[in-house]
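These protein sequence lines map, in sequence, to chains L and D. Everything in the first sequence is counted per this note's numbering, starting at 1 for the first residue and increasing by one. Everything in the second sequence is counted per this note's numbering, starting at 1001 for the first residue and increasing by one. Using N, Cα and C, we set each Cβ at its ideal position, and we do this for glycine too. Remember, it's a predicted structure, so these values are computed and weren't measured experimentally. In what follows, a single structure is set out as structure tokens and then discussed.
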Amino acid sequence: MSAAPGLHEPFDTLGRQREAAAFGLWIFIASEILFFGALLLGYIVYRFLYPGGFEAAGREASLVHGTVNTLVLLTSSATMAVAAWAGHTATEPEDARDARAHRHACRAARRHVVVALGATALLGLAFLAVKGVEYRDDLARHLLPFDDAFPLDATGARIFFSFYWLLTAIHALHLSIGIGAVLYALAGVVRERPGWARTATLHVLGLYWHLVDLVWIFLFPLFYLLGRGGA
Amino acid sequence: MNAPDGTAHPVHDELEHHWCRALAVWAALALLLVATVAGAWLPIGPMKPVLALGIAVAKAALVVRCFMGFRHAPVVARLAALAGLLWVAVMIGLTFADVALRHRLPPWDG
Chain L
1 MSAAPGLHEP FDTLGRQREA AAFGLWIFIA SEILFFGALL LGYIVYRFLY PGGFEAAGRE
61 ASLVHGTVNT LVLLTSSATM AVAAWAGHTA TEPEDARDAR AHRHACRAAR RHVVVALGAT
121 ALLGLAFLAV KGVEYRDDLA RHLLPFDDAF PLDATGARIF FSFYWLLTAI HALHLSIGIG
181 AVLYALAGVV RERPGWARTA TLHVLGLYWH LVDLVWIFLF PLFYLLGRGG A
Chain D
1001 MNAPDGTAHP VHDELEHHWC RALAVWAALA LLLVATVAGA WLPIGPMKPV LALGIAVAKA
1061 ALVVRCFMGF RHAPVVARLA ALAGLLWVAV MIGLTFADVA LRHRLPPWDG
């Protein structure tokens, strides 16, 4: 029972360790819900106070970039889910007391995990690239709220863009951390770090990645879908 | 899980099944994305944000349920996540009890 690969203090079993890791990440998710919830509340209050300014400003957001990026991020969540599930497939046979079956499952699952994690990291980078192009266009159109040449007069339009820059930048920061974590985990799987299939690394990484996706799912309609079509 | 001879073909089936399952959820999410973008042009006036946020909640539910495996998470973990949602609901609810009603009250003339 001693020194199972991947087992750390203070846990007696890998099962307990995995459960604790997942619990920790769900607590982190709750704190992130509150963090983004407070920022979104600010957005909602100002949108309620200045509906006209928000509509006019929302029309300036690039719907094409926003929609493409939403699709990219949703796709990355799908590949991340596959990586976590494939990792789980490699975890399971440990209870079967059949070391050979476990090795076989690990080998088979490893390829899928590597492909899925690689795709996830690439899609994350693609999101950042599109966001970078979009930011460049935004800057060229003087959409920074403190730009002297800010093109909109409606009250609240600058406030809309304050929230736009703040929230999309914080989201991009979260995503960058996620990409770094995915690449770190990918390196561990490629180098067959002992116990990679038995720890909660992939599961927890997936939870974090999906959280970043969830945040974007709410940012997209709030920043890109205003003022389209008629009233 | 594994065949007696150790070939364990079910493992490969299971791995392929993961991709199919992810593809199915992804297709549903992509459909919802198309719906939300199309919905922005519907002539439904003040219902637009309601529709957009309703679709966002549907997408989020798919991700939480299918990708994050919320139902398989430990009970304490689910409680922790729900506590986050509860406090956000309290924060938004109390704030709007103030902001939204403030304008409807007659001016205070002490």
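Short CB-CB distance (under 8 Å) between residue i and chain C
i: P1074 (chain D); result: You won't find chain C in this structure, because its protein chains are L and D.
Same chain only: Cβ atoms within 7 Å of residue i, ignoring 5 sequence neighbours per side
i: G1045 (chain D); result: none
i: A1035 (chain D); result: I1055
i: L123 (chain L); result: V72, T75, S76, T79
i: H112 (chain L); result: V82, A86
i: L175 (chain L); result: G124, F127, L128, V212
i: A1073 (chain D); result: none
i: A1058 (chain D); result: L1032
i: G1093 (chain D); result: none
Contact belief for residue i with residue j at Cβ below 8 Å, rounded distance in angstroms
i: H171 (chain L); j: L219 (chain L); result: 6 Å
i: L226 (chain L); j: E55 (chain L); result: 5 Å
i: A21 (chain L); j: V204 (chain L); result: 5 Å
i: L178 (chain L); j: V212 (chain L); result: With the sequence shown as reference, residue 178 (chain L) is identified as Gly, and Leu is not the correct amino acid for it. Indeed they touch by this definition, with Cβ atoms about 5 Å apart.
i: W1041 (chain D); j: R158 (chain L); result: Incorrect: roughly 26 Å between the Cβ atoms, too far for contact.
i: V45 (chain L); j: V1099 (chain D); result: 5 Å
i: A185 (chain L); j: L207 (chain L); result: So it is not a contact: roughly 13 Å between Cβ atoms.
i: P221 (chain L); j: A1052 (chain D); result: 4 Å
i: R18 (chain L); j: A187 (chain L); result: About 21 Å separates the two Cβ atoms, so there is no contact after all.
Residue i - DSSP class collapsed to helix/strand/coil
i: G42 (chain L); result: helix
i: S176 (chain L); result: helix
i: D148 (chain L); result: coil
i: W1087 (chain D); result: helix
i: L117 (chain L); result: helix
i: L14 (chain L); result: helix
i: R107 (chain L); result: helix
i: A197 (chain L); result: coil
i: A1022 (chain D); result: helix
i: L7 (chain L); result: coil
i: P1074 (chain D); result: coil
i: A154 (chain L); result: coil
Neighbourhood of residue i by C-beta distance below 6 Å, restricted to the same chain and skipping five residues each side
i: G52 (chain L); result: A154
i: Y224 (chain L); result: A61, L63, G66
i: P5 (chain L); result: P194, G195
i: F247 (chain L); result: This structure leaves residue 247 (chain L) out entirely; chain L is present only between 1 and 231.
i: I217 (chain L); result: none
i: D12 (chain L); result: none
Short Cβ contact (8 Å threshold) for residue i with residue j
i: L14 (chain L); j: L7 (chain L); result: yes
i: H210 (chain L); j: F1070 (chain D); result: no
i: L1029 (chain D); j: L40 (chain L); result: no
i: Y50 (chain L); j: F163 (chain L); result: no
i: V182 (chain L); j: T89 (chain L); result: no
i: Y91 (chain L); j: A169 (chain L); result: It is Thr, not Tyr, that sits at residue 91 (chain L) in the sequence shown. No, they are not a contact pair.
i: M1091 (chain D); j: A116 (chain L); result: no
i: L173 (chain L); j: F161 (chain L); result: no
i: A1081 (chain D); j: F23 (chain L); result: no
contact_flag[the stretch 123 to 136 of chain L, the stretch 62 to 78 of chain L] where n(CB pairs < 8 Å) is 3 or more: Verdict: yes, contact present.
Please confirm if the stretch 21 to 32 of chain L is in contact with the stretch 98 to 111 of chain L, defined as three or more CB-CB distances below 8 Å between the two stretches. With the cut-off at 8 Å, the stretch 21 to 32 of chain L and the stretch 98 to 111 of chain L do not touch.
At a cut of 8 Å, does the stretch 147 to 156 of chain L reach the stretch 47 to 61 of chain L through at least three beta carbon pairs? The answer is yes - the stretch 47 to 61 of chain L touches the stretch 147 to 156 of chain L, with three or more Cβ pairs under 8 Å.
Is there contact between the stretch 1013 to 1026 of chain D and the stretch 1085 to 1105 of chain D, where contact requires at least three CB pairs shorter than 8 Å? The stretch 1013 to 1026 of chain D is not in contact with the stretch 1085 to 1105 of chain D.
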